[in-house]
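There are 2 protein chains.
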Amino acid sequence: MQVSSPTLTRQPLYQQTAAALSEILAKTEPGSFLPSEPSLAQELGVSRSTLREAMRTFENQGLIVRRRGIGTYVTTPPKAIETGLEVLESVASMAKRMGFEVEISDLLIKESKPSAEEGSIFEIQPDHSLLTISRIVHVDGIPSAYLVDILPKCICRKISPRIRLRDPSST
Amino acid sequence: MQVSSPTLTRQPLYQQTAAALSEILAKTEPGSFLPSEPSLAQELGVSRSTLREAMRTFENQGLIVRRRGIGTYVTTPPKAIETGLEVLESVASMAKRMGFEVEISDLLIKESKPSAEEGSIFEIQPDHSLLTISRIVHVDGIPSAYLVDILPKCICRKISPRIRLRDPSST
DNA sequence: CGCAATTTGTACGTATGTATT
DNA sequence: TAATACATACGTACAAATTGC
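First to last, the protein sequences are chains H and L.
Residue numbers for the first sequence, in my numbering: 88 to 258.
Residue numbers for the second sequence, in my numbering: 88 to 258.
Pasting the structure below:
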């Protein structure tokens, strides 16, 4: 199960490996484990580093889960979809990884108080603030996704300590 | 500008490097270039691989842009925020990278026809379908973000060829 | 136009750390 | 304790893109 002939280098080896890996994942029962990295690498004829680079994609997408000391198993897919979507990975990073040109436009950040529903989702007090971040992702120039993230302002620091909002009144 | 003493290994070296790099980024004028990877690596006292692993975070966040043959420069931040937020990287991958436990719940995928506004955003025909994907991201068990992605169904295949929707009527 | 220098991207091999069984 | 599996880290080499000569 070699990945490709060494002479054809149109695509990076790790992407070719990802393609081959994709077929293996498709044939693997959800919940069951993949072979170990060394054996998989040997089977595909690539180094372990390259294999791991290829696996990275699927891990980010949440299609596989890797556990130190245990192994790597294929995720049980969510009910609504057959194989994974970008449940974990963002559309932007996914497209970028596949070699497309990615641009962000219409970035908009709003601060607001939670509605009743939002309050129940996040289990926060009504006086806490929510941030709503929306933007449009362009893939190779065409608008391809409209993304909205809603998250408590307090969480924001935890996840991304570098964030610093300007005074909203100045916009 | 060494990253840390070699004996303290509480945190992976590339994360310590990311922290050090973060300070460098903060002191770097937006739009200007960083030193080359070899020199930066030497300055920080780590290998180029480790430095690149550290840079990966910021690249995914869109804080830096790397150009082969040119160099790496710091992004001009969007108007609304002082430093970058997860404009490119999803909340989930960011949190995961920082070592938090990440779970996805309440995944919901709806198919619909575009509204007038949505049609103008995506520049598609009214008979094309839109997919609305929503889910809640839990970081270390607490609900931390509500994410909504809206994208044309036709785009979906391009970005994520592995997606395969089930018959909506069966849900 | 080609050629060389610079810079990031990819790929490999090896060694060691850490978690699980 | 030992064996296994993934995680991290290093060094090296070459490929590919860009710039300047």
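Glycine residues also receive a C-beta, built at the ideal position from the N, C-alpha and C atoms.
Between which residues of its own chain and Y101 (chain L) is the CB-CB distance below 6 Å, once the five residues before and five after are set aside?
For the purposes of this step, residue 101 (chain L) is identified with residue 14 of the second sequence, where counting begins at 1. So the qualifying residues of the chain are T137, E140, A141.
Please go through the same chain and pick out, in chain order, the residues whose beta-carbon is closer than 6 Å to the beta-carbon of L108 (chain H), but skip the five residues on each side of it.
In the first sequence, the residue the question calls residue 108 (chain H) occupies position 21. Counting only Cβ-Cβ distances below 6 Å, and skipping sequence neighbours, we find A141.
Under the three-state reduction of DSSP, which class applies to S207 (chain L): helix, strand or coil?
As a position in the second sequence, residue 207 (chain L) is number 120, starting the count at 1. The answer is helix: DSSP assigns S207 (chain L) an H, G or I state.
Could you tell me whether the Cβ atoms of S123 (chain H) and Y160 (chain H) are closer together than 8 Å?
As a position in the first sequence, residue 123 (chain H) is number 36, starting the count at 1. As a position in the first sequence, residue 160 (chain H) is number 73, starting the count at 1. Going by C-beta atoms, S123 (chain H) is not nearer than 8 Å to Y160 (chain H).
Suppose the cutoff is 6 Å on Cβ atoms and the five residues either side in sequence are ignored; what does the same chain contact list for P201 (chain H) look like?
Reading the first sequence from its first residue, position 114 is the one you call residue 201 (chain H). Within the same chain, P201 (chain H) has close Cβ partners L217.
Contact check, P125 (chain L) vs I208 (chain H) under 8 Å by CB: the rounded distance?
Residue 125 (chain L) sits at position 38 when you count from the first residue of the second sequence. Residue 208 (chain H) sits at position 121 when you count from the first residue of the first sequence. With 8 Å as the limit, P125 (chain L) and I208 (chain H) do not qualify as a contact, their Cβ atoms being about 47 Å apart.
Look at the alpha carbon of I111 (chain L) and the alpha carbon of I151 (chain L), and state the distance between them as a whole number of angstroms.
Translated into positions along the second sequence, residue 111 (chain L) becomes position 24. Translated into positions along the second sequence, residue 151 (chain L) becomes position 64. Answer to the nearest angstrom: the Cα atoms are 12 Å apart.
G158 (chain L) bridges to which residues according to DSSP?
Counting from one through the second sequence, the residue named residue 158 (chain L) turns up at place 71. DSSP lists L:R154 as partners of G158 (chain L).
Under 8 Å between C-beta atoms, does A232 (chain L) make it to chain H?
Here residue 232 (chain L) refers to the residue found at position 145 when the second sequence is read from its first residue. Yes, A232 (chain L) lies at the interface with chain H (some Cβ there is under 8 Å from its Cβ).
Beta-carbon separation of I237 (chain L) and E205 (chain L) under 8 Å?
Start at 1 with the first residue of the second sequence, and residue 237 (chain L) comes out as number 150. Start at 1 with the first residue of the second sequence, and residue 205 (chain L) comes out as number 118. Closer than 8 Å, so yes.
Pull up the DSSP beta-bridge partners for T137 (chain L), would you.
In the second sequence, the residue the question calls residue 137 (chain L) occupies position 50. T137 (chain L) pairs with nothing; no bridge assigned.
Taking only beta-carbon atoms, is E210 (chain L) less than 8 Å away from chain H?
Counting from 1 along the second sequence, the entry for residue 210 (chain L) is found at position 123. Answer yes: the Cβ-Cβ gap between E210 (chain L) and chain H drops below 8 Å somewhere.
When the Cα of I157 (chain H) is compared with those of H:P99, H:P117, H:L121, which residue comes out closest?
In the first sequence, counting from the first residue as 1, residue 157 (chain H) sits at position 70. Residue H:L121 is the option with its Cα nearest to I157 (chain H).
How many Å lie between A182 (chain L) and Q98 (chain L) at the Cα?
Along the second sequence, read from residue 1 onward, the residue named residue 182 (chain L) stands at position 95. Along the second sequence, read from residue 1 onward, the residue named residue 98 (chain L) stands at position 11. One C-alpha to the other measures close to 15 Å.
For D236 (chain H), list the residues DSSP reports as bridge partners.
Here residue 236 (chain H) refers to the residue found at position 149 of the first sequence. Per DSSP, H:I220, L:L234.
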